[in-house]
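Enquirer: Sharing a structure below in structure tokens format, with a few things to ask.
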Amino acid sequence: MSQDTPVLLDARALTHRYPLPRPHPLARRPARVALHDVSLTLASGESLGVVGESGCGKSTLARLVTALERPDAGVVRIAGQDINAASGPALRGLRRRIQMVFQDPMGSLDPRWTVARIVAEPLAGLAPEVRPTGRRAQAAAALAAVGLDAAALDQYPHQFSGGQRQRIAIARALVTGPDLMVADEPVSALDVSVQAQVLNLILDLRQRHGLAVLFISHDLDVVRHVTDRVMVMTHGRIVEDGPTHAVLARPAHPHTAALLAAVPRFSAAWEGRTRHPHHPAAPPSPTRPAAAGDDGPGCVYRPRCPWAVDRCAVASPSLDRLAATPPDGGRRVACHRAVDVLATV
Ligand SMILES: Nc1ncnc2c1ncn2[C@@H]1O[C@H](COP(=O)(O)OP(=O)(O)O)[C@@H](O)[C@H]1O
Ligand code: SF4
Ligand SMILES: [Mg+2]
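Written out as structure tokens, the structure is:
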């Protein structure tokens, strides 16, 4: 992000816990840390990928930055305004600027509603000044932006294919004229052939509407196609971030390397040119699952890490800049051995 580009989304030190069932009636209620001290910024028109395995906190982050949930700690600002401190018309104005697309297009579209009602629905709550006839016209315009004909307005979700339904969900996200779209695994439920079409649509919307995108996915190949920067998460924390091409070409965190090694295309590309101790698809530890439940000393990734040394058991690594200059300028890594990991690639 250039220093002159205005910051659209600024999330600072977000921490969020979910309560777990009490082990017995008199016990204190335990909690799972779904997100721990996560900060990110996104400039107008920029695209940031968030990757990590299931349970690492990606959707929690999406819900916090779209104000669907309030963080236990931390601040979310849209264009400088704290979204959790706003109310009334100011909050509606902020919500119009940031819209969300979910993974399952069928589950996120009410099957009893017409497409016109589904797509226009955000306007009813967020733009009460738009009259019903205006809502229909804006829904038609949003459908046109995603390549669907106005004839779709009076049809129902079950009359469309999976890819078309995700287009309808994207049209609903566009109808308020947002600056930022948060897309949580938007193509994961689609056939591979349809995935490319929806990804191309998202790229097209970025170019034509200057839309910023927070693109969440467990699939590095997908993220590679649609993002400028990428942020890798595990255990509710960011472990590495930086320009997508740099991070994917030369991972500096063992977890990024493991995620990459699990993608056949990347594994093949690395064969013979790396001494990296890949540990393909390292499974989450049963005692320390992908979402951290403990904040004990040491690195949360240690039980799964082939690079771990004694220091990793006692000191938690902070997310530090890797270098001040290209090719690694702008990258941050949370690993005591980042320089060693990088040197092997
Ligand atoms: N509503 C909830 N109640 C309790 N635990 C939750 C809830 N939502 C998520 N979690 C837990 O928080 C952690 C992070 O979940 P989530 O953000 O959905 O991860 P991801 O999207 O990366 O799969 C997981 O351990 C998950 O089980
Ligand atoms: S700090 Fe240690 S345990 Fe954690 S990722 Fe780096 S090498 Fe592995
Ligand atoms: Mg999720």
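Quick note on this note's numbering: the sequence shown kicks off at 20 and runs consecutively. We put the beta carbon where it would ideally sit given N, CA and C, even for glycine.
Quick one: does the C-beta of S180 sit closer than 7 Å to a heavy atom of ligand 1?
Expert: Mapped onto the sequence shown, residue 180 falls at position 161. Incorrect: S180 has no Cβ contact closer than 7 Å to ligand 1.
Enquirer: What's the C-alpha gap between P38 and E259?
Expert: Numbered from 1 along the sequence shown, position 19 holds the residue referred to as residue 38. Numbered from 1 along the sequence shown, position 240 holds the residue referred to as residue 259. Answer to the nearest angstrom: the Cα atoms are 27 Å apart.
Enquirer: Are there three or more Cβ pairs, one per stretch, closer than 8 Å when the region 223-240 is compared with the region 144-155?
Expert: Short answer: they don't touch.
Enquirer: Round the Cβ separation of R36 and V52 to the nearest angstrom and send it over; I've been treating them as touching at under 8 Å.
Expert: As a working note, residue 36 is residue 17 in the sequence shown. As a working note, residue 52 is residue 33 in the sequence shown. Confirmed, about 5 Å.
Enquirer: Expressed to the nearest angstrom, what Euclidean distance is found between the alpha-carbon atoms of T275 and L162?
Expert: Here residue 275 refers to the residue found at position 256 of the sequence shown. Here residue 162 refers to the residue found at position 143 of the sequence shown. Approximately 37 Å, taken between the alpha carbons.
Enquirer: Using CA atoms only, rank isn't needed, just tell me which of G348, M119, S127 is closest to P262.
Expert: Reading the sequence shown from its first residue, position 243 is the one you call residue 262. Minimum Cα distance to P262 is reached at G348.
Enquirer: Return the CA-CA distance between Y320 and R31, expressed in angstroms with no decimal places.
Expert: Along the sequence shown, one-based indexing puts residue 320 at 301. Along the sequence shown, one-based indexing puts residue 31 at 12. Their Cα atoms are separated by approximately 23 Å.
Enquirer: Would P176 pass as a contact of L128 if the rule is Cβ separation under 8 Å?
Expert: The residue you call residue 176 lines up with position 157 of the sequence shown. The residue you call residue 128 lines up with position 109 of the sequence shown. Contact: yes.
Enquirer: Are the region 166-175 and the region 72-90 in contact at 8 Å, needing three or more beta carbon pairs?
Expert: No, they do not touch.
Enquirer: Run the proximity test for C75: is its beta-carbon closer than 7 Å to any non-hydrogen atom belonging to ligand 5?
Expert: Looking at this structure, you won't find ligand 5 anywhere; what it does contain is ligand 1, ligand 2 and ligand 3.
Enquirer: Within 7 Å: the Cβ of H55 and any heavy atom of ligand 2?
Expert: Here residue 55 refers to the residue found at position 36 when the sequence shown is read from its first residue. Checking every heavy atom of ligand 2 against the Cβ of H55, none is found closer than 7 Å.
Enquirer: From T60, E65, R48, G71, pick the residue whose C-alpha is nearest to that of R256; which is it?
Expert: Here residue 256 corresponds to residue number 237 of the sequence shown, with the count starting at 1. Nearest of T60, E65, R48, G71 to R256, Cα basis: G71.
Enquirer: Any heavy atom of ligand 2 closer than 7 Å to the CB of P336?
Expert: As a working note, residue 336 is residue 317 in the sequence shown. Correct: P336 has its Cβ closer than 7 Å to ligand 2.
Enquirer: Between H272 and ligand 2, is there a pair consisting of the residue's CB and a ligand heavy atom that are separated by less than 7 Å?
Expert: Here the question's residue 272 lines up with position 253 in the sequence shown. Checking every heavy atom of ligand 2 against the Cβ of H272, one is found closer than 7 Å.
Enquirer: Going by C-alpha distance, which of G182, P345, A327, T246 is nearest D359?
Expert: Taking the sequence shown and counting its residues from 1, one reaches residue 359 at position 340. Ranking G182, P345, A327, T246 by Cα distance to D359 puts A327 first.
Enquirer: Let me know if A158 comes out buried or exposed under the rule of 16 or more other beta-carbons within 10 Å of its beta-carbon.
Expert: Counting from 1 along the sequence shown, the entry for residue 158 is found at position 139. With 16 or more other Cβ atoms within 10 Å, it is buried.
Enquirer: Exposed or buried, which one is V138 when buried takes at least 16 other CB atoms within 10 Å?
Expert: Your numbering for residue 138 matches position 119 in the sequence shown. Result: buried.
Enquirer: Can you give me the C-alpha to C-alpha distance between V364 and R269, rounded to a whole angstrom?
Expert: Looking up residue 364 in the sequence shown gives position 345. Looking up residue 269 in the sequence shown gives position 250. Each residue's alpha carbon lies about 6 Å from the other.
Enquirer: Taking L113 as the reference, give the member of D173, L199, A164 with the closest Cα.
Expert: To locate residue 113, count along the sequence shown from 1; it is residue 94. Nearest C-alpha to L113: L199.
Enquirer: Consider the C-beta atom of S207 and the heavy atoms of ligand 1; say whether any pair is separated by less than 7 Å.
Expert: Within the sequence shown, residue 207 is the residue found at index 188, counting from 1. Because no heavy atom of ligand 1 lies under 7 Å away, the Cβ of S207 does not count as near it: no.
Enquirer: Suppose the cutoff is 8 Å on Cβ atoms and the five residues either side in sequence are ignored; what does the same chain contact list for Q122 look like?
Expert: Residue mapping note: residue 122 aligns to position 103 of the sequence shown, counting from 1. Once the five neighbours on either side are set aside, the close Cβ partners of Q122 are D203, E204, P205, S207, A208.
Enquirer: Which stretch, first to last residue, makes up the alpha helix (DSSP H) that contains G317?
Expert: Against the sequence shown, residue 317 aligns to sequence position 298. Unbroken run through G317: none, as it is neither H nor E.
Enquirer: Just grab the DSSP bridge partners of V249 for me.
Expert: Here residue 249 refers to the residue found at position 230 of the sequence shown. In the DSSP output, where bridge partners are listed per residue, V249 has G68, G261.
Enquirer: In or out: G68 buried (at least 16 other Cβ within 10 Å) or exposed?
Expert: Here residue 68 refers to the residue found at position 49 of the sequence shown. Buried, because 16 or more other Cβ atoms sit within 10 Å of the Cβ of G68.
Enquirer: Using the DSSP secondary-structure output, state which residues sit across from T60 in a beta bridge.
Expert: On the sequence shown, residue 60 is found 41 positions in, with the first residue counted as 1. For T60, which the question treats as bridged, DSSP gives the partners D29.
Enquirer: Using three-state DSSP, classify H43 as helix, strand or coil.
Expert: Translated into the one-based positions of the sequence shown, residue 43 becomes position 24. Reduced to three states, the DSSP call for H43 is coil.
Enquirer: Drop a sphere of 10 angstroms on the beta-carbon of L28, count the other beta-carbons inside from all chains shown, and report buried for 16 or more, exposed for fewer.
Expert: For this step, residue 28 is matched to residue 9 along the sequence shown. The residue is buried, with at least 16 neighbouring Cβ atoms inside 10 Å.
Enquirer: Using the DSSP secondary-structure output, state which residues sit across from G231 in a beta bridge.
Expert: Residue numbering aside, residue 231 sits at position 212 when the sequence shown is read from its first letter. Note on identity: in this sequence residue 231 is Ala, with Gly being the wrong assignment. DSSP lists L199 as partners of A231.
Enquirer: Does DSSP classify A160 as helix, strand or coil?
Expert: Reading the sequence shown from its first residue, position 141 is the one you call residue 160. It is helical.
Enquirer: The alpha helix (DSSP H) spanning V360 covers which residue range?
Expert: What you label residue 360 is simply residue 341 of the sequence shown in a count that begins at 1. Where V360 is concerned, the enclosing alpha helix (DSSP H) stretches over 357-362.
Enquirer: Is the closest heavy atom of ligand 1 to the C-beta of Y37 under 7 Å?
Expert: Here the question's residue 37 lines up with position 18 in the sequence shown. Yes, the Cβ of Y37 comes within 7 Å of a heavy atom of ligand 1.
Enquirer: Sorted by chain position, which residues of the same chain lie with C-beta nearer than 6 Å to T79's C-beta, five sequence neighbours on each side aside?
Expert: In the sequence shown, the residue the question calls residue 79 occupies position 60. So the list reads H35, A53, L54, once near-sequence residues are dropped.
Enquirer: L267 and L239 - do their beta-carbons sit closer together than 8 Å?
Expert: In the sequence shown, counting from the first residue as 1, residue 239 sits at position 220. In the sequence shown, counting from the first residue as 1, residue 267 sits at position 248. Yes, the pair counts as a contact, with Cβ atoms nearer than the cut-off.
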